Amino acid sequence: MDTKDELLDRAAREFRALHDTLRGLNESDTTRVWLGAWSVRDIVAHISGWHREMTPALERLARGERPFPEGVSYDDVDAWNATFAAARRGTSVADALLELDRSHEDFMRAAAAGLAGRAGALRA
């Protein structure tokens, strides 16, 4: 099983790799649909959405609470992804990337504060 620090390090490395991939793309590159109905901006928005959705889950876990509110289900991942992407449509790529950075920072802060001894809980 990975340790908290190993998980955090891996998340940081993968996020840097994502940034390296995004570097150099222009507005046209990032808004062109190329993966089904998705553009790079849509993919960035969906990642930000999951950051924003999971940050409170990590905070609740840190308090010893159930990670997800009663009645909330993530069974339909595609619907959540579409919701996150739709919420950012029409925003500039620069704003979408800024939100990605902010949401990732918040997520990592919550993960660092709340994962002590609970790394396996995220896989359950």
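Going left to right, the sequence shown walks through residues 1198 to 1321 as the working numbering numbers them.
Quick reminder that beta carbons are idealized off the backbone N, C-alpha and C, glycines included.
Small disclaimer: the values here were computed from a predicted structure and weren't measured.
A straight-line Cα-Cα distance of about 8 Å links Gly-1246 and Trp-1277. Beta-bridge analysis with DSSP links Trp-1235 to Leu-1232. With respect to Ala-1208, Ala-1242 sits apart: the two C-beta atoms are not nearer than 7 Å.
Here DSSP, grouped into helix, strand and coil, assigns Pro-1266 to coil. In this structure the segment 1215-1232 does not lie against the segment 1254-1265, because fewer than three pairs of beta carbons, one per stretch, are closer than 8 Å. A check of alpha carbon separations from Gly-1287 across Asp-1298, Asp-1303, Ser-1236, Leu-1232 identifies Ser-1236 as the nearest.
In the three-state reduction of the DSSP assignment, Ser-1300 falls in the helix class, which pools H, G and I. In the same chain as Phe-1304, and ignoring 5 residues on each side of it, the C-beta atoms closer than 6 Å to its own belong to His-1248, Thr-1252, in chain order.
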